[in-house]
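A.B. asks:
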Amino acid sequence: MIQSRRQFMNTTAKSAAVLTFGLSIGCSYRKNRPNILWITSEDNSPFFGCYGDAFATTPNFDKLAKESVLYENAFATTPVCAPSRNTLITGLYANSLGNEHMRSRYPIPDFIQKYPVYLHQAGYYCTNNAKTDYNYLGEDKDGWDESSRHAYYINRAEGQPFFAILNLGVSHESSVHESIPSSELRHRPREVPIPPYHPDTPDVRHDWAQYYDKIEDLDRQVGAILQELADNGLAENTIVFYYSDHGGVLARSKRFLYDSGLHVPLMIRFPQKYQHLAPGKPGSRTDQIVTFVDFPKTVLSLAGVQPPAHMQGHAFLGHFKEKPRQFAQSYRGRMDERYDLSRTIRDKQFRYTRNYNPHRPYGQYLQYLWRAPLSRSWEVEYHAGRCNEIQRRFWEAKPAEELYDSKNDPWEVNNLIYDPAYKEIADLLRAELRQWMLAVRDSGFLPEGKLVDISKISTVYDYVHSDLYDLERILETAEMATDYDEFHLAELRKRLKDPDATVRFWAATGCLILAEKAETAAKDLITLLHDADGDVVAVAAEALVAIGQVDDGVNALIKLLHHSNSKVVLRALNALTEIGAKAAPARSALQALIEHQDDYVKRATAHLLQML
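Heads up, the sequence shown is in the numbering used here, so the first residue is 128 and it goes up one at a time.
(1) Per DSSP, what kind of secondary structure is V87 in: helix, strand or coil?
(2) Quick one: what's N482 bridged to in DSSP?
(3) Quick one: measure Cβ to Cβ for T704 and L735, integer angstroms, because I've assumed they're closer than 8 angstroms.
(4) With a 10 Å radius around its C-beta and 16 neighbouring C-beta atoms as the bar for buried, classify L264 as buried or exposed.
(5) By the 10 Å Cβ neighbour count, where 16 or more other Cβ atoms means buried, how is Q518 classified, buried or exposed?
(6) Measure the alpha-carbon distance for A119 versus A673 and round it to whole angstroms.
(7) Can you check whether the CB of E300 is closer than 9 angstroms to the CB of Y495?
(8) Got a sec, what are the start and stop residues for the alpha helix (DSSP H) Q354 sits in?
(9) Using a 10 Å radius around the Cβ and a threshold of 16 neighbouring Cβ atoms, would you call Q240 buried or exposed?
(10) Rounding to the nearest angstrom, what Cα-Cα distance links R714 and L739 in this structure?
(11) Which residues does DSSP pair with H390 in a beta bridge?
(12) Report yes or no: do the region 400-410 and the region 179-191 share at least 3 C-beta pairs separated by less than 8 angstroms?
(13) For W165, which three-state DSSP category applies?
(14) Hey, would you say G375 sits closer than 9 angstroms to D170, going by beta carbons?
(15) Run through DSSP, which three-state label would A278 get?
(16) Once the 5 residues before and after P322 are set aside, which same chain residues still bring their CB inside 6 angstroms of it?
(17) Starting from T732 and walking both ways along the beta strand (DSSP E), at which residues does that stretch end?
(18) If I follow the unbroken alpha helix (DSSP H) through L293, where does it start and stop?
(19) Please state whether the Cβ-Cβ distance between D260 and C208 is less than 9 angstroms.
(20) Does the contact criterion of 3 or more C-beta pairs under 8 angstroms hold for the region 630-638 versus the region 661-680?
(21) For S504, is the classification buried or exposed, using 16 other Cβ atoms within 10 angstroms of its Cβ as the cut-off for buried?
(22) When the Cα atoms are used, what is the spatial distance from N256 to M229?
(23) What number of angstroms, rounded off, separates the C-alpha of I653 from the C-alpha of V663?
(24) According to DSSP, is L530 helix, strand or coil?
(25) Buried or exposed for S411, going by 16 or more other Cβ atoms inside 10 Å?
(26) Could you check the C-alpha separation between N692 and V579 for me, to the nearest Å?
(27) Nearest to E606 by CA position, among S469, N262, V728, is which residue?
(28) Sorted by chain position, which residues of the same chain lie with C-beta nearer than 6 angstroms to E506's C-beta, five sequence neighbours on each side aside?
(29) DSSP three-state label for C514, please.
(30) Quick one: residues in its chain with C-beta nearer than 8 angstroms to the C-beta of R557, no 5 flanking neighbours on either side, listed in chain order?
(31) With 16 other CB atoms within 10 Å as the buried threshold, where does F614 fall?
(32) Give the list of continuous alpha helix (DSSP H) stretches no shorter than 4 residues that lie fully inside the region 181-268.
(33) Which two residues bound the contiguous alpha helix (DSSP H) that contains R415?
(34) DSSP three-state call for E318: helix, strand or coil?
(35) Around the Cβ of G270, are there at least 16 other Cβ atoms within 10 angstroms (buried) or fewer (exposed)?
(36) Select from G388, T328, A668, L688 the residue whose C-alpha is nearest the C-alpha of D679.
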């Protein structure tokens with residue numbers, strides 16, 4: 128149970144006051160500020176010729192690269208759209224706000240404004256065409272002069288600078304849900320390169336070829352936009368960004384913490400008038416690391432607006448340019464109807480990932496992901512025993528830690544975490560990642576049911592910045608819980624009785640991961656079946672099933688299916704899905720959830736009923 132509103136607010140150190148900021152540049156620049164155009168595509172990695180992809184057909188992107196500075200190390204903060212866009216609009220990591228989960232509408236403090244608000248106050252005409260999907264409670268269109276499928280810069284006042292976003296959806300994941308006949312594809316399936324983690328099947332080859340066609344379609348659309356800008360006489364006054372909202376799109380890219388899900392194309396074109404703001408000449412490349420949390424501060428900086436102090440990124444261009452970052456940090460929480468929790472950090476060569484749900488495979492069933500023929504084909508190959516060791520990993524329990532030499536292993540399939548030659552870099556990245564989680568007050572370690580409860584009286588941001596959130600102890604418990612190490616069991620058993628429900632949640636998770644090795648904790652876990660926190664009950668119940676006390680665990684999970692908190696219900700459904708055939712007694716209770724108001728509950732229910 129969380130504390131009362133009065134108790135909570137008394138411990139909150141953060142103010143809701145809007146932080147002040149202002150222009151601190153000369154009048155001459157304010158009179159000659161650049162227009163700024165963001166062209167954003169969906170769900171695509173840098174499958175372009177200018178990024179070294181010889182199979183891609185991208186003449187317009189390749190031309191743009193010759194006119195721009197190309198960023199070789201640009202990364203999304205999360206490998207899925209809504210949490211990424213949350214960061215892009217706020218300038219804060221979504222996991223510091225409580226909004227890392229895919230489609231979660233939790234409130235944020237009033238002082239956190241969309242960055243176009245600051246641009247508008249500085250005289251810019253700000254338009255968004257048209258996707259928002261900002262992943263927090265509120266009206267997504269607020270803060271824009273226009274936000275619609277018809278929004279564009281043409282409606283601005285004469286002489287007024289503009290900031291405009293054009294969102295292109297042709298490369299979205301849905302573009303591979305319906306197969307185009309092979310005879311109509313421009314890229315031949317038999318010639319398409321496929322990554323080593325995918326099996327070589329006709330459906331896999333077809334989906335990859337179809338996606339390369341969609342990248343070619345995207346290339347044409349971007350070319351048309353740039354031509355229109357030139358035809359309108361605006362190219363020489365407009366700084367153009369092109370980037371995608373995360374990597375993708377076929378299984379093990381979008382949603383997953385690899386370069387395939389996080390590495391994004393980024394090209395920035397500076398007209399001659401603003402070349403002094405560019406980090407290099409047209410056609411140059413930079414290996415500087417940038418991430419989405421940097422983008423709002425950077426666009427404000429280019430516009431001559433001092434970014435507000437609460438933004439967490441680094442401005443990498445403009446008048447308020449900051450020291451380059453050394454690392455890109457990213458995160459993965461609930462993806463649609465499936466819970467998971469991982470954190471990752473990347474430098475210019477290596478990626479280190481810490482998995483806090485290692486007992487859950489990457490390949491948990493997701494209704495939307497399974498619409499692609501490739502996903503279904505890969506699953507068939509795995510169950511038929513036709514996948515090699517690399518291809519099997521997606522469907523099996525994860526290691527607690529992963530380390531890749533991403534520069535020399537671009538598909539990130541050779542885990543170096545146990546190689547003593549890489550211990551020093553693993554130790555460095557592990558420490559940097561942990562320090563970052565503590566610094567941003569990472570909210571992802573709170574079970575989502577608790578996020579729902581917190582949001583009824585305040586914001587998650589305020590909660591995690593209060594004394595109520597003992598992140599150091601919670602993180603320590605989560606690390607012990609997910610090490611696959613029986614040595615921690617005695618301490619985990621003590622923490623099953625901790626006054627903090629989140630600590631109890633992670634201690635029970637440790638027992639679940641240890642399974643039958645945690646048999647001595649059975650009595651403590653049975654006690655937790657009466658816990659006031661539904662998420663704690665769910666993980667304790669699943670742990671009991673893993674230990675062998677199936678009836679106690681399944682019956683407790685069935686009771687949770689009637690819980691008033693839909694995220695507790697969803698966690699119970701996740702547990703029952705992992706339990707499999709032993710969850711058969713839940714059939715009757717599941718029938719009542721088929722028309723549940725939470726779409727993810729409905730998806731998880733439908734799949735579980737189909738399994739049973």
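Glycine included, each C-beta is placed from N, C-alpha and C at the ideal position. Nothing here was measured: the structure is a model prediction, and the numbers come from that model.
C.D. replies: On the basis of the coordinates in this document:
(1) Absent from the structure is residue 87, since the part of the chain shown begins at 128 and ends at 739.
(2) The count along the sequence shown starts at 1 and reaches residue 482 at position 355. DSSP output for N482 lists S469 as bridge partner(s).
(3) For the purposes of this step, residue 704 is taken as the residue at position 577 of the sequence shown. For the purposes of this step, residue 735 is taken as the residue at position 608 of the sequence shown. Confirmed, about 5 angstroms.
(4) What you label residue 264 is simply residue 137 of the sequence shown in a count that begins at 1. Looking at its Cβ environment, which holds fewer than 16 other Cβ atoms inside 10 Å, L264 is exposed.
(5) Mapped onto the sequence shown, residue 518 falls at position 391. Burial call: buried.
(6) Residue 119 lies beyond the residue range present for the chain, which begins at 128 and ends at 739; the question has no answer from this structure.
(7) What you label residue 495 is simply residue 368 of the sequence shown in a count that begins at 1. What you label residue 300 is simply residue 173 of the sequence shown in a count that begins at 1. Yes. Within cutoff.
(8) Locating residue 354 in the sequence shown gives position 227, counting from the first residue. Its alpha helix (DSSP H) spans residues 329-358.
(9) In the sequence shown, counting from the first residue as 1, residue 240 sits at position 113. Buried is the call here.
(10) Along the sequence shown, one-based indexing puts residue 714 at 587. Along the sequence shown, one-based indexing puts residue 739 at 612. Distance between the alpha carbons of R714 and L739 is about 8 angstroms.
(11) Within the sequence shown, residue 390 is the residue found at index 263, counting from 1. Within the DSSP secondary-structure output, H390 pairs in a beta bridge with F202.
(12) no
(13) As a first step, residue 165 is located in the sequence shown; it is residue number 38 there, counting from the start. Strand at W165.
(14) By one-based count along the sequence shown, residue 375 stands at place 248. By one-based count along the sequence shown, residue 170 stands at place 43. Yes, Cβ-Cβ distance for G375 and D170 is below 9 angstroms.
(15) To locate residue 278, count along the sequence shown from 1; it is residue 151. Here A278 sits in coil by DSSP.
(16) Position 195 of the sequence shown holds residue 322. Taken in chain order, the residues that qualify are W538.
(17) Taking the sequence shown and counting its residues from 1, one reaches residue 732 at position 605. Taken as a continuous stretch (DSSP letters only), T732 belongs to no beta strand (DSSP E), being part of the alpha helix (DSSP H) at 726-738.
(18) In the sequence shown, residue 293 corresponds to position 166, counting from 1. No alpha helix (DSSP H) contains L293, which is instead part of the beta strand (DSSP E) from 289-295.
(19) For the purposes of this step, residue 260 is taken as residue 133 along the sequence shown, with counting starting at 1. For the purposes of this step, residue 208 is taken as residue 81 along the sequence shown, with counting starting at 1. Against a cut-off of 9 angstroms, the Cβ pair of C208 and D260 comes out as a contact.
(20) yes
(21) Start at 1 with the first residue of the sequence shown, and residue 504 comes out as number 377. Buried, by the Cβ-count rule.
(22) What you label residue 256 is simply residue 129 of the sequence shown in a count that begins at 1. What you label residue 229 is simply residue 102 of the sequence shown in a count that begins at 1. If you take the alpha carbons of N256 and M229, they lie about 22 angstroms apart.
(23) Residue numbering aside, residue 653 sits at position 526 when the sequence shown is read from its first letter. Residue numbering aside, residue 663 sits at position 536 when the sequence shown is read from its first letter. Using only the alpha carbons, I get a separation of about 11 angstroms.
(24) Along the sequence shown, one-based indexing puts residue 530 at 403. The answer is strand: DSSP assigns L530 an E or B state.
(25) In the sequence shown, the residue the question calls residue 411 occupies position 284. By the beta-carbon neighbour count (other beta carbons within 10 angstroms, threshold 16), S411 is exposed.
(26) By one-based count along the sequence shown, residue 692 stands at place 565. By one-based count along the sequence shown, residue 579 stands at place 452. Using only the alpha carbons, I get a separation of about 8 angstroms.
(27) Sequence index remark: in the sequence shown, residue 606 carries index 479 (1-based). The shortest Cα separation from E606 among S469, N262, V728 belongs to S469.
(28) Against the sequence shown, residue 506 aligns to sequence position 379. Contacts found: none.
(29) Your numbering for residue 514 matches position 387 in the sequence shown. Here C514 sits in coil by DSSP.
(30) Locating residue 557 in the sequence shown gives position 430, where the first residue counts as 1. Excluding positions up to five away in sequence, the list reads Y479, R481, E528.
(31) Within the sequence shown, residue 614 is the residue found at index 487, counting from 1. It counts as exposed.
(32) 186-194, 208-217, 221-224, 242-248
(33) For the purposes of this step, residue 415 is identified with residue 288 of the sequence shown, where counting begins at 1. Before going further, note that residue 415 is Gln rather than Arg in the sequence given. Where Q415 is concerned, there is no enclosing alpha helix (DSSP H), although the beta strand (DSSP E) it sits in stretches over 412-418.
(34) Here residue 318 refers to the residue found at position 191 when the sequence shown is read from its first residue. The answer is helix: DSSP assigns E318 an H, G or I state.
(35) Here residue 270 is taken as the residue at index 143 of the sequence shown, counted from 1. By the 10 Å Cβ count, G270 comes out buried.
(36) Within the sequence shown, residue 679 is the residue found at index 552, counting from 1. Residue A668 is the option with its Cα nearest to D679.
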